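The sequence shown runs 1179 to 1553 under the numbering used here.
Yeah, the Cβ is synthetic: ideal placement off N, Cα and C, and Gly gets one too.
Since we're looking at a predicted model, the values are computed, not measured.
Report on the structure given below.
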Amino acid sequence: MNLAGFRVAARSAGGILGVGTPGQGPLVFTQVRTATKRVSGSKTNKNDSAGRRLGPKAYEGHFVKPGQIIMRQRGTKIHPGENVDIGKDHTIYAKEPGYVKFYHDPFHPLRKYVGVSLKKELPLPTPHFSPRVRRFGYVELLDPEEAAKEESHMSRKEFLQQGELASLKAAKERRLEEERKKIEQSLRSLVELNEDEMEMAEERMLNITQLVTASKVNSSDAETITSFDYNYRIDLALRRGEFSEGEATDKKNFYASLVDRLSGKVIVDAKGNVCKALDPEERARKQETILNELKIRYSQVALSPEVRMQIAKLIESEAVFDAQKQEELKKQFLPESRPIWTLDDIVEISEDQKPKNATRVYDEASKKVKLVTAP
């Protein structure tokens, strides 16, 4: 019997075939049927999956429950706002029960946000300095232990990063302490202040230094911002009832007198160093002197590492140029594309002499390529 006849016999036997052997019983073969998949393509085989049903699932003013999906999307076409969160596939879902609001944030005017308003009549976004609206389900915790437990609650990710966060915080505190000591040393050499004035002056100059170095704010603008912040904090403390009106006025007057004593004597330069302030005439005179020296002495010279250091030292002179002007001068006199030597300084060499800094240049006068090197 050939193989084809064996298969026919097996099928005719209902999938079971018995074959007798001498001295033994029949051998039983069971047919096992397995699913098969066509490997080749066909016209009906579509290589595209079904649509993911993207788009908004809850619209403006709809009431949603916690966990309910508001928006399915690919990418952040809509950004998560208040009382919502976003998943790893950019799905936005509600965290609190409330009403869906689509809105624009004044701090990010090019983004569109969706959030959940806890009350139907409350618009989003919440004004920046307004108190937070009470969330549904908030209950005042009168038990101190329960309150401490709720306050110390953190997510697993935050808990696992406590060691790293503590080290970063300690490093920041050490850096601030070093800056305070440096500022105190500079202030004591430039102006005479008592202990209370020195402490307040250190805090003021530290804030100005951070604005100048981190936020790239002009020194005069940083002084104005720092004064405004101090007075505003006093107003907020007065509103909370921490000070009386007379105490708040005394603190503002004391701070204003300290600012008057420091102005004209102390300034923060572009690198964040506390140094002696220059009067406008002297500062203008120094600026003109440095600019003339840069144009006459360094405009056409080769930019070797030593020359670059000399130019940078002139540009970064204390209390002469602000950060913006320093950047302009560095782009003008310290470009990255200028060679370290000019064509006037090169020396033509023969083919058998090939030092490390040798290069080939085209001489337009002789219409030839020459092998040259710096002297």
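{"Check": "Grouping DSSP H, G and I as helix and E and B as strand, with all else coil, what is A1455?", "Outcome": "coil"}
{"Check": "Assign L1549 to one of three DSSP states: helix, strand, or coil.", "Outcome": "strand"}
{"Check": "Can you list, in chain order, the residues of its chain whose CB lies under 6 Å from that of T1537, leaving out five sequence neighbours each side?", "Outcome": "none"}
{"Check": "In the DSSP output, which residue or residues are listed as bridge partners for K1279?", "Outcome": "G1293"}
{"Check": "Using three-state DSSP, classify A1344 as helix, strand or coil.", "Outcome": "helix"}
{"Check": "Straight-line CA distance for A1426 to K1509?", "Outcome": "48 Å"}
{"Check": "Secondary structure at V1485, three-state DSSP: helix, strand or coil?", "Outcome": "helix"}
{"Check": "With a Cβ-Cβ cutoff of 8 Å, do F1499 and Q1478 count as a contact?", "Outcome": "no"}
{"Check": "Under three-state DSSP, which class holds G1424?", "Outcome": "helix"}
{"Check": "Nearest-angstrom Cα distance between Q1251 and P1244?", "Outcome": "19 Å"}
{"Check": "Helix, strand or coil for L1271, going by three-state DSSP, please let me know.", "Outcome": "According to the sequence as given, residue 1271 is Tyr; it is not Leu. The answer is strand: DSSP assigns Y1271 an E or B state."}
{"Check": "Within 10 angstroms of its Cβ, does K1279 collect 16 or more other Cβ (buried), or is it exposed?", "Outcome": "buried"}
{"Check": "Can you give the Cα-Cα distance for E1484 and A1490, rounded to whole angstroms?", "Outcome": "10 Å"}
{"Check": "Answer yes if the segment 1249 to 1263 comes into contact with the segment 1282 to 1294, meaning at least three C-beta pairs across the two stretches below 8 Å, and no otherwise.", "Outcome": "yes"}
{"Check": "When the distance is taken between beta carbons, is K1454 closer than 8 Å to L1368?", "Outcome": "yes"}
{"Check": "Is G1233 buried or exposed, if buried means 16 or more other CB atoms sit within 10 Å of its CB?", "Outcome": "exposed"}
{"Check": "Based on the DSSP secondary-structure assignment, which residues constitute the bridge partners of P1284?", "Outcome": "Paired residue(s): none; P1284 is not in a bridge."}
{"Check": "Can you name the residues that DSSP bridges to D1263?", "Outcome": "Y1271"}
{"Check": "Decide if D1395 is buried, meaning its Cβ has at least 16 other Cβ atoms within 10 Å, or exposed.", "Outcome": "At residue 1395 the sequence reads Val, which differs from the Asp that was named. It counts as buried."}
{"Check": "In whole angstroms, give me the CA-to-CA distance for L1436 and V1444.", "Outcome": "12 Å"}
{"Check": "Kindly give me the distance between the Cβ atoms of V1311 and L1300, rounded to whole angstroms, as I take these residues to be in contact under 8 Å.", "Outcome": "6 Å"}
{"Check": "Could you tell me the alpha carbon to alpha carbon distance between A1480 and K1473, rounded to whole angstroms?", "Outcome": "13 Å"}
{"Check": "Report the rounded CA-to-CA distance for A1432 versus L1365, giving the unit in angstroms.", "Outcome": "A small correction: the amino acid at residue 1432 is Phe; Ala does not occupy that position in the sequence shown. The straight-line gap from Cα to Cα measures roughly 18 Å."}
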